[in-house]
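K.L.:
Mind having a look at this structure? Questions to follow.
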Amino acid sequence: GDAITAVNGFSSTAEEMTDELVKSDKCEFQVARPAIRFITVDKHGGALGLKLNYAKRGRSLCIDRIGEGAIMDWNTANLSEPVQEKDRIMSVNGVEGNPAELLAELGSAAVVK
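Mapping the sequence shown onto this note's numbering, position 96 (from 1) lands on 285, and the numbers just tick up by one.
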C-alpha cells in the first residue's frame with residue numbers, strides 16, 4: 190500500500206510524524222505509492238548479499254543492506270533500476286505473504302524471481 194512520508198512537513202522519523210498527528214487538528218500528508226517491478230536473479234551458487242528485516246506478522250521482507258553477492262551484481266548490470274535499501278520483497282518464485290516462507294525460498298532457490 191501507500192506510505193506516509195511526511196506529516197505537516199515533518200519527515201525525519203516515524204515518531205516525529207506520529208507526534209505531529211497527535212498534536213495537530215489539521216494534517217497535510219505526503220504520500221508515496223510504491224512501484225512494483227519484477228526481476229530475476231541467478232545466484233550462481235552464491236549468496237544474494239542481502240541483509241533483510243521483517244515483521245513476524247508481515248507480508249514482505251525489507252532490504253536493510255545490500256552487500257557483495259548476486260543482487261549487487263544485478264545492480265551493476267541494471268544501473269537504471271537498481272534494487273535499493275528499503276525496497277520490499279513481496280514474492281519469491283510464486284511464494285507470497287509469509288516472511289518465513291519468503292526467506293526459505295530465497296535461501297533454497299538457485300534462481301529467484
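Yeah, the Cβ is synthetic: ideal placement off N, Cα and C, and Gly gets one too.
Decide if residue 223 is buried, meaning its Cβ has at least 16 other Cβ atoms within 10 Å, or exposed.
P.N.:
Start at 1 with the first residue of the sequence shown, and residue 223 comes out as number 34. By the 10 Å Cβ count, residue 223 comes out exposed.
K.L.:
Which residue wins for smallest C-alpha separation from residue 300, given the options 216, 235, 219 and 245?
P.N.:
Here residue 300 refers to the residue found at position 111 of the sequence shown. When C-alpha distances from residue 300 are compared across 216, 235, 219 and 245, the shortest belongs to 235.
K.L.:
Grab me the residues of residue 237's own chain with a C-beta within less than 8 Å of its C-beta, minus the 5 sequence neighbours each way, in chain order.
P.N.:
Position 48 of the sequence shown, counted from the start, is the residue given in the question as residue 237. Excluding positions up to five away in sequence, the list reads 230, 258, 259, 260, 295 and 301.
K.L.:
Nearest by alpha-carbon distance to residue 192: which of 221, 277 and 244 is it?
P.N.:
For the purposes of this step, residue 192 is taken as residue 3 along the sequence shown, with counting starting at 1. Closest by alpha carbon: 221.
K.L.:
Leaving out five residues on either side along the sequence, give the residues of the same chain with a beta carbon under 6 Å from the beta carbon of residue 145.
P.N.:
A query on residue 145 cannot be resolved here, the shown segment of the chain reaching from 190 to 302 and no further.
K.L.:
Count the other CB atoms within 10 Å of the CB of residue 278; is the residue buried (16 or more) or exposed (fewer)?
P.N.:
In the sequence shown, residue 278 corresponds to position 89, counting from 1. Result: buried.
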